[in-house]
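Peer 1:
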Amino acid sequence: MRAVVLVGGFGTRLRPLTLGTPKQMLPVVDRPMIEWVVGRLAEHGVDEAVLALGYRPDAFIEAYPDDECAGVRLAYAVEDVPLDTAGAIRFAAREAEVDERFLVLNGDVLTDLDIGALLDAHDASGGAGTIHLHPVDDPSRYGVVPIDGDGRVLEFVEKPPRDSAPSNWINAGTYVLEPEVLDLIDHEGPVSIERVTFPALAAEGKLFGFQSETYWLDAGTPATYLQAQLDLVDGHRAETPPAIAADASVADGAKVEHAVLMSGSSVADGASVIDSVLLPGARVESGATVRDAIVGPHAVVGPDAVVEAGTVLGDGAVVAAGEVLTDARRPEAD
Ligand code: GTP
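In this note's numbering, the protein residues as written are 20 to 353.
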C-alpha cells in the first residue's frame, strides 16, 4: 500500500522557523516531524510514502539520501506551482501510479491513530473515502464532519461559526481514498480537498468518517509545535523520547523545568528554561529566562534577557543582554 504525505505547504504560521526549513523538517524532540508522521506506517503495511512536495523539496531529498524514512521507502512528487491539498494528492498519486486504495496523511498532524482500524472501517463501508475524525471543543477552525449511525458523512462544513457547527468531530487529516476519487479532482490548477472534493463526495453519500479519540494534534502553529514536544516528553504519546539530548548542556546553577533541550543546546548558570523548547545549538546565557517560548537553531538569548509568552526565535536570532521579548517573533516575518 502507498501513502501520499502532504508536505508542500509554506508553513507561514511557523515563521520564522520555516523561513529556511520546511515545516516537516523541523525537529520534534529528537527527530524531524516527518519521521513522527511516517513512523508507524510500516507496521500497517505501507511500503512507500509519496511525498507531495512544493516548498523547499531539496531539504527532504538531502535528508534521506537512501530514499528511506522511518522504515518506509520514499518517492517524491514535486509541484511546479502549489496545487493545494486535493491537487497535490492527485498529482502525487498519478506520479506514483497509484491504482489501489491508498492513505493520505497531512504532514503536520501528529497522532497515535490506529491506522489498521481506519483501513478496516474503510473496507467495511465500501465508500470512496474514509476520514479520521477527532473531537475538539471548538470546531470553528476546522472541517466539521457529522456522520450517521453507519459512519456515512452527512455534510462536510469547512470552518463554520462556532455556534452553528453541526458536530464537534473534525477532519483530523488522515484519509483512506479509492483511486476513483482522483478522477473527481480537476487537474487544472489548485483544488482544496476540504472545500471542494470532500463536500462533493459527501453530497453523493460516498464519504465515511472514522471517529477516534486517540492522541491527535495539528502541529502547524507555534503554540501547537511547542505543545507537540511537551506532550511527547510528558508521556502523552505511544513513545516517550528523552527531553534533554545527551549532548545538551545544563549548568549546575541553571533551572530547566518542563522543557525540551535538543542536541548541542545549552543553558548557562543562573538561567531558567520553563515550558519551552531549545532547538539544536540554541544557547541561553547566564541569568536569562525562557518561558513558554521556542528558541530556534543556534539562536542566542543573551545574559539576563527574558524571552516569554509564545515568543519564537528563528535560526541564529540574537536577543541582546537584558532585552525582554514577549509574544514576539525574531526576525519578524511577514
Ligand atoms: P500555513 O502556511 O501555516 O497555513 O501552513 P501550510 O500551508 O504549510 O499547511 P496547512 O496546514 O495549511 O496545509 C496542510 C498540509 O498540506 C500541510 O502538511 C502542508 O504541507 C500541505 N500543503 C498545503 N498546501 C499544499 C500544496 O499546495 N502542495 C502540497 N504538496 N502540500 C500542501
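All C-beta atoms in this analysis are idealised placements derived from N, C-alpha and C, irrespective of residue type, glycine included.
Verify the contact flag: A242, CB atom, against every heavy atom of the ligand GTP, threshold strictly below 7 Å.
Peer 2: Here the question's residue 242 lines up with position 223 in the sequence shown. No, the ligand GTP has no heavy atom inside 7 Å of this Cβ.
Peer 1: Specify, as a first and last residue, the run of the beta strand (DSSP E) that P154 falls within.
Peer 2: Within the sequence shown, numbered from 1, the residue matching residue 154 stands at position 135. Its beta strand (DSSP E) spans residues G148 to P154.
Peer 1: Is it right to say P261 is buried, meaning 16 or more other beta carbons lie within 10 angstroms of its own, or is it exposed?
Peer 2: Residue numbering aside, residue 261 sits at position 242 when the sequence shown is read from its first letter. By the 10 Å Cβ count, P261 comes out exposed.
Peer 1: Can you have a look at P51 and say buried or exposed, based on whether 16 or more other CB atoms are within 10 angstroms of its CB?
Peer 2: Along the sequence shown, read from residue 1 onward, the residue named residue 51 stands at position 32. With 16 or more other Cβ atoms within 10 Å, it is buried.
Peer 1: Assuming contact is defined by CB atoms lying nearer than 8 Å, are L102 and F110 in contact in what I supplied?
Peer 2: The residue you call residue 102 lines up with position 83 of the sequence shown. The residue you call residue 110 lines up with position 91 of the sequence shown. Yes, they are a contact pair.
Peer 1: Should G315 and V338 be called a contact, given that it needs their Cβ atoms to be closer than 8 Å?
Peer 2: The sequence position of residue 315 within the sequence shown is 296, counting from 1. The sequence position of residue 338 within the sequence shown is 319, counting from 1. Not in contact: G315 and V338 (Cβ atoms no closer than 8 Å).
Peer 1: Just to confirm the assignment, what range does the beta strand (DSSP E) spanning D237 have?
Peer 2: Stepping through the sequence shown from its first residue, residue 237 is reached at position 218. Unbroken beta strand (DSSP E) run through D237: W235 to D237.
Peer 1: Classify L298 as helix, strand or coil using the three-state DSSP reduction.
Peer 2: Position 279 of the sequence shown, counted from the start, is the residue given in the question as residue 298. The answer is coil: DSSP assigns L298 none of H, G, I, E or B.
Peer 1: Give a yes or no on whether the C-beta atoms belonging to L60 and V91 are separated by under 8 Å.
Peer 2: For the purposes of this step, residue 60 is identified with residue 41 of the sequence shown, where counting begins at 1. For the purposes of this step, residue 91 is identified with residue 72 of the sequence shown, where counting begins at 1. Yes; because the gap between Cβ atoms is below 8 Å, this pair is in contact.
Peer 1: Let me know the secondary structure DSSP gives A115 once reduced to three states.
Peer 2: In the sequence shown, the residue the question calls residue 115 occupies position 96. In the structure shown, A115 sits in coil (DSSP, three-state: anything other than H, G, I, E or B).
Peer 1: From R181 to S231, what does the alpha carbon distance come to, in whole angstroms?
Peer 2: Taking the sequence shown and counting its residues from 1, the one referred to as residue 181 is at position 162. Taking the sequence shown and counting its residues from 1, the one referred to as residue 231 is at position 212. When rounded, the distance between both Cα atoms is 21 Å.
Peer 1: Does any heavy atom of the ligand GTP sit closer than 7 Å to the C-beta of V123?
Peer 2: Mapped onto the sequence shown, residue 123 falls at position 104. No; taking the cut-off as 7 Å, the Cβ of V123 has no heavy atom of the ligand GTP nearer than that.
Peer 1: Could you compute how far the alpha carbon of R256 sits from the alpha carbon of G208?
Peer 2: Taking the first residue of the sequence shown as 1, we reach residue 256 at position 237. Taking the first residue of the sequence shown as 1, we reach residue 208 at position 189. If I take the Cα positions, the gap works out to 38 Å.
Peer 1: Pick from E174, G170 and L70: whose alpha carbon is nearest that of E223?
Peer 2: Residue numbering aside, residue 223 sits at position 204 when the sequence shown is read from its first letter. Per the Cα distances, E174.
Peer 1: Starting from E327, follow its DSSP beta bridges and name the residues at the other end.
Peer 2: Within the sequence shown, residue 327 is the residue found at index 308, counting from 1. In DSSP, E327 forms a bridge with R310 and T345.
Peer 1: Ignore the nearest five residues each way along the sequence and tell me which others in L203's own chain have a CB closer than 8 Å to its CB.
Peer 2: Here residue 203 refers to the residue found at position 184 when the sequence shown is read from its first residue. Once the five neighbours on either side are set aside, the close Cβ partners of L203 are T216, A219 and L220.
Peer 1: Can you tell me which of I150, G283 and Y161 puts its alpha carbon nearest to the alpha carbon of L297?
Peer 2: In the sequence shown, counting from the first residue as 1, residue 297 sits at position 278. Per the Cα distances, G283.
Peer 1: Skipping 5 residues on each side, what residues in its chain have a beta carbon closer than 6 Å to that of L201?
Peer 2: As a first step, residue 201 is located in the sequence shown; it is residue number 182 there, counting from the start. Cβ within range, chain order: R109 and A112.
Peer 1: Using only the heavy atoms of the ligand GTP, determine whether one of them is closer than 7 Å to the beta carbon of R160.
Peer 2: Along the sequence shown, read from residue 1 onward, the residue named residue 160 stands at position 141. For the ligand GTP, not one heavy atom lies less than 7 Å from the Cβ of R160.
Peer 1: Consider the C-beta atom of K225 and the heavy atoms of the ligand GTP; say whether any pair is separated by less than 7 Å.
Peer 2: Taking the first residue of the sequence shown as position 1, residue 225 is located at position 206. Flag unset: Cβ of K225 not near the ligand GTP.
Peer 1: Would the stretch 285 to 296 count as touching the stretch 258 to 274 if we require 3 or more Cβ pairs under 8 Å?
Peer 2: Contact between the stretch 285 to 296 and the stretch 258 to 274 is present, because at least three Cβ pairs lie under 8 Å.
Peer 1: My output table needs one value for Y194: the three-state DSSP class, helix, strand or coil.
Peer 2: Position 175 of the sequence shown, counted from the start, is the residue given in the question as residue 194. DSSP places Y194 in strand when its eight states are reduced to three.
Peer 1: Is the closest heavy atom of the ligand GTP to the C-beta of G27 under 7 Å?
Peer 2: As a working mapping, residue 27 is identified with position 8 in the sequence shown. G27 Cβ: within cutoff of the ligand GTP.
Peer 1: Could you check where the alpha helix (DSSP H) with L135 kicks off and where it finishes?
Peer 2: What you label residue 135 is simply residue 116 of the sequence shown in a count that begins at 1. Looking at the sequence provided, one finds Gly at residue 135 rather than Leu. Counting along the chain, the alpha helix (DSSP H) containing G135 begins and ends at I134 to S144.
Peer 1: Closer than 8 Å is the cut-off here; do at least three beta carbon pairs connect the stretch 176 to 196 with the stretch 80 to 97?
Peer 2: With a cut-off of 8 Å, the stretch 80 to 97 and the stretch 176 to 196 do not count as touching, because too few Cβ pairs lie within range.
Peer 1: Leaving out five residues before and five after G73 in sequence, what residues of the same chain have Cβ atoms less than 6 Å from its Cβ?
Peer 2: Counting from 1 along the sequence shown, the entry for residue 73 is found at position 54. For G73, where only same-chain residues beyond five positions count, the Cβ hits under 6 Å are G27, E98 and P101.
Peer 1: Assuming F29 and G146 make a contact with CB atoms under 8 Å, what is their CB distance in whole Å?
Peer 2: In the sequence shown, counting from the first residue as 1, residue 29 sits at position 10. In the sequence shown, counting from the first residue as 1, residue 146 sits at position 127. Actually they are not in contact, since the Cβ atoms of F29 and G146 sit about 32 Å apart, beyond 8 Å.
Peer 1: Answer with buried or exposed for H206, where buried requires no fewer than 16 other C-beta atoms within 10 angstroms of its C-beta.
Peer 2: Here residue 206 is taken as the residue at index 187 of the sequence shown, counted from 1. So H206 ends up on the exposed side.
Peer 1: Please report the Cβ distance between V57 and Q248, rounded to the nearest whole angstrom; I am assuming they are in contact, meaning their Cβ atoms lie under 8 Å.
Peer 2: The residue labelled residue 57 in the question sits at position 38 within the sequence shown. The residue labelled residue 248 in the question sits at position 229 within the sequence shown. Not confirmed; about 18 Å, so no contact.
Peer 1: If you compare alpha carbons, which of G162, V23, D237 and Y244 is closest to E116?
Peer 2: The sequence position of residue 116 within the sequence shown is 97, counting from 1. Of the candidates G162, V23, D237 and Y244, the one whose C-alpha sits nearest the C-alpha of E116 is V23.
Peer 1: What is the C-beta distance between L137 and H151, in whole angstroms, given that I count them as a contact (C-beta under 8 Å)?
Peer 2: Position 118 of the sequence shown, counting from 1, holds the residue named residue 137. Position 132 of the sequence shown, counting from 1, holds the residue named residue 151. Sure, about 6 Å apart at Cβ, within 8 Å.
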